[in-house]
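Chains as they are written, first to last, in UniProt numbering: chain A, 1 to 198; chain D, 1 to 198; chain X, 1 to 198; chain S, 1 to 198.
Accompanying notes for the structure given below.
4 protein chains.
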Amino acid sequence: MGGTMDRTKQQRRGNTRQRIQDVALELFAEQGYEKTSLREIAEHLDVTKAALYYHFKTKEEILVSVYDDLTQPILDLIEWGRQQPHTLETKQEIIRRYSEILSGATKLFRFMQENQATVRELRIGETFKERMQGLREIVVDPDADLVAQVRSVSALFTLHAGMFLLQDLDGDQESKRKAVLEVATDLITQAHGGGGDE
Amino acid sequence: MGGTMDRTKQQRRGNTRQRIQDVALELFAEQGYEKTSLREIAEHLDVTKAALYYHFKTKEEILVSVYDDLTQPILDLIEWGRQQPHTLETKQEIIRRYSEILSGATKLFRFMQENQATVRELRIGETFKERMQGLREIVVDPDADLVAQVRSVSALFTLHAGMFLLQDLDGDQESKRKAVLEVATDLITQAHGGGGDE
Amino acid sequence: MGGTMDRTKQQRRGNTRQRIQDVALELFAEQGYEKTSLREIAEHLDVTKAALYYHFKTKEEILVSVYDDLTQPILDLIEWGRQQPHTLETKQEIIRRYSEILSGATKLFRFMQENQATVRELRIGETFKERMQGLREIVVDPDADLVAQVRSVSALFTLHAGMFLLQDLDGDQESKRKAVLEVATDLITQAHGGGGDE
Amino acid sequence: MGGTMDRTKQQRRGNTRQRIQDVALELFAEQGYEKTSLREIAEHLDVTKAALYYHFKTKEEILVSVYDDLTQPILDLIEWGRQQPHTLETKQEIIRRYSEILSGATKLFRFMQENQATVRELRIGETFKERMQGLREIVVDPDADLVAQVRSVSALFTLHAGMFLLQDLDGDQESKRKAVLEVATDLITQAHGGGGDE
DNA sequence: TATGAATGAGCCTTCATTCAT
DNA sequence: TATGAATGAAGGCTCATTCAT
């Protein structure tokens, strides 16, 4: 009986859940959450829609599961950051590590970036906002002047955006990431120094 | 007769098209494009769905019309920018003017920002990309080093993002805009100066 | 003021009704009745849908008016036929005249032929059926054997079908009509003679 | 369990697809393709519209599937005819067999006959035209004179039309079919003999 | 560990028609 | 002799979800 199962089916055994997550993320990132139907995901995997429901309770839960798996490092980073003194060095290190995290799950973060309107209405929306808030609290000094605060936020955001907006620029992926990181680090450094004009 | 028509209906006459655009933008920005149905728009206006189709050929066309009306200033800005020498002053002026344009149509740009995945598949997607490209060409020096280029792009992007990401920060709208503008101007200035590490 | 009216508008004066009929028949014949919308007709004429309603009460009435105008000759033919003795000569003459009538309003008859399902549900459906019945009564001898009756009906039908089904055959329109007429005449003649096998 | 399901639902299991085809053909033939809505079909079957879409991708595909199932015999006939010498006997046999095929799927062919305008725009339109062309090529001698060719085409067409146009005539279905077949056979025979006047 | 069959809600769109001007 | 604006009904289709097997 097992012998009649061909290689493809055999490989599939036991990791369908993972495969669903992979395909889903791929499609969500490419086409957006709403434009990606469960039918489409199922077809890509050569299973039925009902199979998806064996592994996940809803469409949203597929996304949530991917999100949870891939953003754990951010939680860890925040955890770590909270226990450090809020020195410039800490902030720079946060920026550095965050840059690495982002490039470790490009697809997900691209998805989050491009589907904000959708994500806002989903469970992960709130969660993500909280995490960003968590990062901010470490990186932004609430007593600094407005310009300094903006600079800090801009540092975080430059990292985020960098991944997608630089696609048209020349240069290999890694050196672009380095450049982005440098700009972000500069921003955070300037913000720490003083911020405004003086 | 005519007198039997109540105020509400009368006011409506002749500006339904405009009202559709307003409500649509409002809802698109709030809930996203896909999540906003024509039924919903129609209900907000107290007309039937079919009335929308008298004024616009498709759902997409409603968006396009809003987009065209509201982004004309960007076209003008690009036009202007192209005729200037690419000096630092020009770039700073571009940044300044772009900041003003953005804050003149917050809803639309928030929509564009938060619905990138959707927008990418629509007609306006390509258009918008082209315009951004147009701005970049003026502001980014292709011969500068990578870091300088990133800084320039980051300037543009900081403007974009600034409008939404700063909502949780203290301060009134206008002073926040000023702060964002300052950071962006700094970025463009540094980029022009040299860019990198020296 | 009349002087500002250009040639096109001027020509239009007073014959809009006729132009509606022409365009409508053209489109009905080409695309079918249901697939042709009033919007389409109006656009072809460069007027609004509402203008059509000034001239005709309903979509169906446009068709009815065309039908009535163009099938009057059939009524006349039936009238004439009823007053003749049901001799072979009469039948042959009916066939001959009917052939002429058909080729005088090809579009309408093509329409009738190709939209039977639709036409059946319209007012003209019943009317047309009656007229065909009228022709039959003259041409088909109810006392003849079944085969003879079929031959007679086939004669009529061959005329009908001939117009459309022969489009792929070689030869000019007129000589094809002659050929069809000859076959139909033969059929009616054989039917009259005896019909069956003997 | 299982016992709680009433007879009706139980019967339904596993043959819904077939039932859709049956009901659809019935309604298409009766009211025409466009006038028959999916809602109507669904209601006749006591299922939802969405159920139809589980079994067929589009409305058109329902028709196509019926068409394909029911016109396979024509393909076989053409196949057979092509391998025979184009003698009179072959032609007569084609006519005979075609007559049988037609009376084996009356509803479909009535539908095709009465919805030509619609069918022309559908996928089956082209297909059907090709098949008719296939039959013609066997039955019509391209070197014969025009009248002979018309006679041949008329033979085919008389068969087609015979099924519907004779409904008002007396006589049972089968003897009418025989009569029609005889007339068609005569036509094909005369066409083969010479055709014209001599 | 999946599938086959179906549902209910909703979507975008089109249509014939109306009516005040 | 027309138009501008709108309506109500319906149509085809897609989607996330369910459930018995």
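Backbone N, C-alpha and C define an ideal beta-carbon position, used for all residues, glycine too.
Q) Along chain S, which residues have their Cβ under 7 Å away from the Cβ of Glu182 of chain X? A) Chain-order list of chain S residues neighbouring Glu182 of chain X: Val147, by C-beta distance under 7 Å.
(request) Would you give the residue range spanned by the alpha helix (DSSP H) that His86 of chain X belongs to? (result) Note, His86 of chain X: premise wrong, no alpha helix (DSSP H); not H, not E.
(request) Could you tell me the boundaries of the alpha helix (DSSP H) in which Glu174 of chain A lies? (result) For Glu174 of chain A, the enclosing alpha helix (DSSP H) covers residues 173–193.
*From the beta carbon of residue 199 of chain S, is the nearest beta carbon of chain X less than 9 Å away?*
Lying before the first or after the last residue shown, residue 199 of chain S is absent from chain S, which here runs from 1 to 198.
task = Mark Lys59 of chain A as exposed unless 16 or more other C-beta atoms lie within 10 angstroms of its C-beta, in which case mark it buried.
result = The residue is buried, with at least 16 neighbouring Cβ atoms inside 10 Å.
- Message: If you measure between the beta carbons of Lys91 of chain D and Ser154 of chain D, is that distance less than 9 Å?
- Response: Cβ atoms of Lys91 of chain D and Ser154 of chain D: not closer than 9 Å.
(Q) At the 9 Å Cβ level, is Gly32 of chain D part of the contact set with chain A, yes or no? (A) Interface annotation, Gly32 of chain D: in contact with chain A, CB-CB separation under 9 Å.
At the 9 Å Cβ level, is Phe157 of chain S part of the contact set with chain X, yes or no? It does: the Cβ of Phe157 of chain S has a partner Cβ on chain X nearer than 9 Å.
* Boundaries of the alpha helix (DSSP H) in which Lys57 of chain X is found, first to last residue -> Looking at the DSSP string, Lys57 of chain X is not in any alpha helix (DSSP H), and its letter there is neither H nor E.
- Query: Where does Arg39 of chain D land, buried or exposed, given buried means 16+ other C-beta within 10 angstroms?
  - Reply: Taking all protein chains shown into account, Arg39 of chain D has fewer than 16 neighbouring C-beta atoms within 10 Å of its C-beta and is therefore exposed.
Put Met45 of chain X into one of helix, strand or coil per three-state DSSP. The amino acid at residue 45 of chain X is misidentified as Met; the sequence shows Leu. Looking at Leu45 of chain X - three-state DSSP - the assignment turns out to be helix.
Item to check | Rounded separation between Arg131 of chain D and Phe164 of chain D - CA only | outcome: Arg131 of chain D and Phe164 of chain D: Cα-Cα distance of roughly 21 Å.
Just reading off the alpha helix (DSSP H) that Val150 of chain S is part of, what are its end residues?
Note, Val150 of chain S: alpha helix (DSSP H), 146–165.
Could you give the residue range of the alpha helix (DSSP H) that holds Asp22 of chain S? Unbroken alpha helix (DSSP H) run through Asp22 of chain S: 16–31.
Subject >> Residue nearest to Gln84 of chain X in terms of C-alpha spacing, selected from X:Glu137, X:Val64, X:Ala105 >> reply: For the residues X:Glu137, X:Val64, X:Ala105, the minimum Cα distance to Gln84 of chain X belongs to X:Glu137.
* To do: Spell out whether any CB of chain X is found under 9 Å from the CB atom of Val150 of chain S.
  => Yes, Val150 of chain S counts as interfacial toward chain X.
> How would you write the range of the alpha helix (DSSP H) that Thr106 of chain S sits in, first residue to last?
Replying inline: Note, Thr106 of chain S: alpha helix (DSSP H), 106–114.
Handout entry: Cut-off 6 Å between Cβ atoms - residues of its own chain near Phe28 of chain A, not counting five sequence neighbours on either side
Key = Non-local C-beta neighbours of Phe28 of chain A in its own chain, meaning closer than 6 Å and more than five positions away in sequence, comprise Thr36, Phe111, ordered along the chain.
**Report entry** Three-way DSSP call (helix, strand, coil) for Lys35 of chain D in this model
**Finding:** Looking at Lys35 of chain D - three-state DSSP - the assignment turns out to be coil, as it is neither helix nor strand.
### Task
Would you list, in chain order, the members of the stretch 99–126 of chain D that have their beta-carbon closer than 8 Å to a beta-carbon of chain A?
Residues of the stretch 99–126 of chain D that bring their beta carbon within less than 8 Å of a beta carbon in chain A comprise Phe111, Gln113, Glu114, Asn115, Gln116, Ala117, Thr118, Arg120, Glu121, in sequence order.
Note to self: Closer than 9 Å between beta carbons: that is the criterion. Which residues of the stretch 159–178 of chain S meet it against chain X?
What the structure shows: Within the stretch 159–178 of chain S, contact with chain X at the beta-carbon level (separation under 9 Å) is assigned to His160, Ala161, Gly162, Phe164, Leu165, Leu166, Asp168, Leu169, Asp170, Gly171, Ser175, Lys176, Lys178.
Handout entry: Nearest-angstrom Cα separation, counted from Asp141 of chain X out to Gln190 of chain S
Key = Cα-Cα distance, rounded: 23 Å.
Review point. Are Thr158 of chain D and Phe56 of chain A touching if we call contact CB-CB under 9 Å?
Key: Not in contact: Thr158 of chain D and Phe56 of chain A (Cβ atoms no closer than 9 Å).
- State yes or no: is the C-beta of Gly81 of chain S within less than 9 Å of the C-beta of Gly14 of chain S? No. Outside cutoff.
Under 8 Å by Cβ, that's how I've got Gln116 of chain D and Glu26 of chain A pegged, so tell me the actual separation to the nearest angstrom. Not a contact, Cβ separation roughly 17 Å.
Check your understanding: Using a C-beta to C-beta distance shorter than 9 Å, which residues of chain S count as neighbours of Ser37 of chain X?
Key -> Within 9 Å Cβ-Cβ: nothing; Ser37 of chain X doesn't reach chain S, min ~12 Å.
Taking just the CA atoms, how far does Glu182 of chain S sit from Ile41 of chain A?
-> Distance between the alpha carbons of Ile41 of chain A and Glu182 of chain S is about 59 Å.
If you measure from the beta carbon of Leu187 of chain X to each beta carbon in chain S, is any gap under 9 Å?
-> True, the Cβ-Cβ gap to chain S drops below 9 Å.
For Lys176 of chain S, does the count of other Cβ atoms within 10 angstroms reach 16, so buried, or fall short, so exposed?
So Lys176 of chain S ends up on the buried side.
- Query: In angstroms, rounded to a whole number, what distance separates the CA positions of Ala105 of chain S and Glu126 of chain X?
  - Reply: One C-alpha to the other measures close to 26 Å.
Exercise. Can you tell me which of the three DSSP states Val140 of chain A falls into?
Key: Coil, per DSSP.
Chain D contact residues for Ser65 of chain A, given Cβ-Cβ distances below 7 Å: What Ser65 of chain A touches in chain D: nothing, since even the nearest Cβ is about 20 Å away.
Quick check: is the beta carbon of Gln133 of chain S nearer than 9 Å to any beta carbon in chain X? Chain X contact via Cβ: present.
Do we get a CB-CB distance below 9 Å when we pair Val153 of chain S with the residues of chain X? Between Val153 of chain S and chain X, the shortest Cβ-Cβ separation is below 9 Å.
| query | In this structure, does DSSP put Asp6 of chain D in helix, strand or coil? | reply | Note on Asp6 of chain D: pLDDT 47, under 50, position unreliable in the model; no value is reported.
According to DSSP, is Glu79 of chain S helix, strand or coil?
Helix.
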